[in-house]
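Q:
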Amino acid sequence: MRISDIRATTVTVPLEAPLRHANGCHWGRFVRTIVEVETDNGLIGLGEMGGGGESAEAVFRAMKQYLIGHDPARREEMRFLIANPTASLYNNRTQVLAALEFACLDILGQAWGVPVCDILGGRLRDRVPFASYCFFRYPDPRTGSGEVRTIEQLVEHTCELKRRFGFTTHKLKGGVFHPDYELEAYRALADAFPEDRLRFDPNGVWSTEQAIRFGQAIENLRNDYLEDPVFGMNGMRRTREKVRVPLATNTVVVNFEQLAVNVLNTAVDVILLDTTFWGGIQACVKAAGICETFQLGVAVHSSGELGIQLATMLHLGAVIPNLSFAVDAHYHHLTDDVIQGGLMSYKNGTIGVPNGPGLGVKLDREKLGQYNELYRRLGNYPYDQDPARPGWTPIIPNDRWADPKDDRRVEIPY
Ligand SMILES: [Mg+2]
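This note's numbering numbers the first residue of the sequence shown as 1124 and each following residue consecutively.
(1) Less than 8 angstroms between the C-beta atoms of N1373 and D1392, yes or no?
(2) Please go through the same chain and pick out, in chain order, the residues whose beta-carbon is closer than 8 angstroms to the beta-carbon of F1288, but skip the five residues on each side of it.
(3) Distance check for I1191 and A1206, CA to CA, integer angstroms please.
(4) Where does T1133 sit, in a helix, a strand or coil, going by DSSP?
(5) Compare the beta carbon distance of K1296 and D1324 with 8 angstroms and say whether it is the shorter of the two.
(6) What are the start and end residues of the beta strand (DSSP E) that includes T1398?
(7) Taking the beta carbon of I1518 as the centre, do at least 16 other beta carbons fall within 10 Å, making it buried, or is it exposed?
(8) Drop a sphere of 10 angstroms on the beta-carbon of T1209, count the other beta-carbons inside from all chains shown, and report buried for 16 or more, exposed for fewer.
(9) Going by beta carbon distance, what residues of the same chain come within less than 6 angstroms of Y1304, once the five residues before and after it are set aside?
(10) Looking at the strands, I want to know which residues DSSP matches up with D1324.
(11) Could you compute how far the alpha carbon of L1344 sits from the alpha carbon of C1414?
(12) If you drop the 5 nearest sequence neighbours on each side, which residues of the same chain put their C-beta closer than 6 angstroms to that of V1408?
(13) Under 6 angstroms Cβ to Cβ from Q1432, same chain only, skipping five residues before and after it: list those, please.
(14) In the DSSP output, what is L1142 paired with across the bridge?
(15) Assuming V1375 contacts G1338 (C-beta within less than 8 angstroms), just tell me the rounded distance between them.
(16) Excluding the five sequence neighbours on either side, which residues of its own chain have a C-beta within less than 8 angstroms of the C-beta of D1249, listed in chain order?
(17) Could you give the distance in angstroms between the alpha-carbon of F1153 and the alpha-carbon of L1277?
(18) Apart from the five residues on each side of it in sequence, which residues of its chain come closer than 7 angstroms, Cβ to Cβ, to G1483?
(19) Is it true that the CB of T1292 sits closer than 8 angstroms to the CB of A1411?
Have a look at this one:
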C-alpha cells in the first residue's frame, strides 16, 4: 500500500458565540484545514490542522514530493522524513506531521479492519470524559445571544452546559478580566457546583506573584489544577513552591525536550497533551508513557477541534492508562461539523470512542464544500486580536484587562 495523493481543504465552522481569551478572541468561528491522504488501493485517511488558508493548503501540497509512494505504515520513517528535529530548526513541520499521522493511522485502521486505538495499545475505556470549558463570550453578533460577561451569566451558562452535556468538571478560561474579578467568578462556580471538579486557565499572562496570590486563594476548592498561571518554567516552579494546587501546562512543556527538563527539575505537575502540538497521537502516547514512569499527571489539551481532531483525542484518551482528568474540548461551542452524522454527542459528560475502522469518522462532503465556501468568503480571523479593542495587545505580566462592565456589542462579519 502506497500513498498516491494528498489533498487539503480549509473550512470555517461557526461557533455559538465569540470566545474570549487572554490574547484576543475566537471571532465566532474556527478555521481548520482538513487533510485527505489517498492510497493506491483507494483508501482515504483523514487529518486535521488548526488555522489554514492558502499557506496551509500549500504546505500539504508540498508534502506530496516527500510522501507519494511512501508506505503509510512506516510512520517513524515519515517523522524523520518531514519533521526531523534538527532540520526543524529551519522549518518546523510538527503540526503538519500530526495531521498526516492522523491520516496514516486512519488508513492503517481501515486496511486492517481495526480502530486506531487498537493500533496504539488497545482501549482501556470505551468513553472519554470531557470538561465544560467555559469561556467569557461576546454575544453572537447575528442573534445577540450567548454573552458570558457577568458572573451571573457565567454560572447560568455553566448550568446550561451541565444540563445539556452532563459535565462534572468545569474549566474556566480566564486572563480576560482583572484577576480579582476572575477569582470571584471562579469561586461562584465552586459555590454553584459543590460536587464538581474545577480548573482555571489564564493563559500565562500573570506575574508570578499574581499567580501565587490567586493560587493560594483557591487552595480550599475542588481544583483539578491551575493551568499556566504564568508563562515560563521558572515562574511555574516558583509558583509551585508556594501554592498547594497542582499546576498544569499546555505552553511550557509541549515537546520531549521540555518534558525532559520538567522531569529533571519539576515545574509542572500535569502535562496537557495535544495530538497536534506534540506531532501526532503516537507522540502523545509516548509522552504519556514518560509521564507514567515519572508519575506526572496527564490531561488532554484542546486547540479547537472539528470531528476528525476530536476522534484523535478520543483514541488517545482510550489508550493512556494515566489519564486521570476530564479532557478539554471546545467542541460543544461548535454549531456544526464536517463529519457524517454531524456533531458527535455527549452522554453524562463523556463521548464514546469511535468503533469503526481507523479514526471511525467520515467526511460529509456537502458540509466540507459548504464550510470551505464560507471560509473563502470570510477568510482567516486574527486569533490574537479582540474585535472590541482594535490594536490592543496584552503584555506579560498583563495589566491591560478588559472591563466586565463594558457591554458593547461587537461587529464581526459573517
Ligand atoms: Mg491552556
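Backbone N, C-alpha and C fix where the C-beta goes; we use that ideal spot for every residue, glycine too.
Given the structure is predicted, the values throughout are model-derived calculations rather than measurements.
A: In this structure, then:
(1) no
(2) So the list reads F1253, S1255, H1455, Y1469 and G1472, once near-sequence residues are dropped.
(3) 16 angstroms
(4) In the structure shown, T1133 sits in a strand (DSSP, three-state: E or B).
(5) Inclusion of K1296 and D1324 in the CB contact set at 8 angstroms is warranted, their separation being smaller than that value.
(6) First-last for T1398: undefined, no H or E at that position.
(7) exposed
(8) exposed
(9) P1527
(10) K1296
(11) 25 angstroms
(12) L1243
(13) Hits under 6 angstroms: E1171.
(14) H1149 and R1260
(15) So it is not a contact: roughly 16 angstroms between Cβ atoms.
(16) A1441, G1475 and V1476
(17) The straight-line gap from Cα to Cα measures roughly 22 angstroms.
(18) Sequence-distant partners of G1483 (beyond 5 residues in either direction) whose C-beta falls short of 7 angstroms from its own C-beta, in its chain, are P1238, A1434 and P1477.
(19) Not a contact, by the Cβ cut-off of 8 angstroms.
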